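Here the sequence shown is numbered in UniProt numbering, starting from 1 and rising by one per residue.
Note sheet for the following structure.
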Amino acid sequence: MKPSAGYTNRPASDNPRDIEAWGLTEAARRLMLAAQTPENPEPLRQALSLNQRLWTIFQSSMAEPDCPLPKDLREKILVLSLIVDRQTFERLGDLDVTKLHSLIDINRNIAAGLSQRPVDATAPAAAHAGTASRAPMMTPPAAGPGAQRPGMAPGVAAGGVGKFNISI
Numbered sequence: 001m002k003p004s005a006g007y008t009n010r011p012a013s014d015n016p017r018d019i020e021a022w023g024l025t026e027a028a029r030r031l032m033l034a035a036q037t038p039e040n041p042e043p044l045r046q047a048l049s050l051n052q053r054l055w056t057i058f059q060s061s062m063a064e065p066d067c068p069l070p071k072d073l074r075e076k077i078l079v080l081s082l083i084v085d086r087q088t089f090e091r092l093g094d095l096d097v098t099k100l101h102s103l104i105d106i107n108r109n110i111a112a113g114l115s116q117r118p119v120d121a122t123a124p125a126a127a128h129a130g131t132a133s134r135a136p137m138m139t140p141p142a143a144g145p146g147a148q149r150p151g152m153a154p155g156v157a158a159g160g161v162g163k164f165n166i167s168i
């Protein structure tokens, strides 16, 4: 598949949170589309494969020694990724479109959390009223435009999904 084929609402920014949220939303969208044509299993196989690749990137990124996320958060993301793995392999085995809800819900909920901006601790208290329950992010916000994370190749912005690139 060409990198631009089938994309919807691709993020204009290079913000890793936006890219991760978009990837999860796109994977959920493709799973939902595949569920609409149960008589044709190929779109479902492709959507499940895409979802698996995306979560494999998250797994690899969480296992990197230079991953900046706290250990407990990395462990929670890895546990969630194992649930996604199990569900994905079960769906690849039975191609049952009626059992895609958990994968779709996980992707959409994580994407929603990533789409929210972290609260700036230096901002006035009134600015973050009602924002205390922000969902955790897969990657931290970038230190600034073009900032590089330790251990990453030159030119890779901080806060990315690790040293990996996915073509959806």
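All C-beta atoms, glycine included, are put in the ideal place defined by N, C-alpha and C.
Here the structure is a predicted model, which is why all the values come from computation and not from measurement.
Could I get the ranges of all uninterrupted beta strand (DSSP E) runs contained in the region 13 to 84, with 3 residues as the minimum, in chain order?
-> none
Where do the N-terminal and C-terminal ends of the alpha helix (DSSP H) with Leu-114 fall, by residue?
-> Reading the sequence shown from its first residue, position 114 is the one you call residue 114. Its alpha helix (DSSP H) spans residues 101 to 115.
Would you kindly check if the distance between the Cβ of Ala-47 and the Cβ of Leu-31 is under 7 Å?
-> Locating residue 31 in the sequence shown gives position 31, where the first residue counts as 1. Locating residue 47 in the sequence shown gives position 47, where the first residue counts as 1. Yes, these two residues count as a Cβ contact at 7 Å.
Proximity to Ala-21 [Cα-Cα], best of Gln-36, Asn-40, Thr-37 and Asn-51 | Along the sequence shown, one-based indexing puts residue 21 at 21. Residue Asn-51 is the option with its Cα nearest to Ala-21.
Can you say whether Ser-13 is buried or exposed, counting buried as having 16 or more other CB atoms within 10 angstroms of its CB?
-> Translated into positions along the sequence shown, residue 13 becomes position 13. Classification for Ser-13: exposed.
Work out the CA separation of Gln-36 and Val-79 for me, nearest whole Å.
-> The residue given as residue 79 occupies position 79 in the sequence shown. The residue given as residue 36 occupies position 36 in the sequence shown. So the two alpha carbons sit approximately 29 Å from each other.
Other residues of its chain near Ser-81: CB distance less than 7 Å, five sequence neighbours each side excluded = To locate residue 81, count along the sequence shown from 1; it is residue 81. So the qualifying residues of the chain are Trp-55, Phe-58 and Gln-59.
Under the three-state reduction of DSSP, which class applies to Arg-86: helix, strand or coil?
-> Along the sequence shown, read from residue 1 onward, the residue named residue 86 stands at position 86. The answer is helix: DSSP assigns Arg-86 an H, G or I state.
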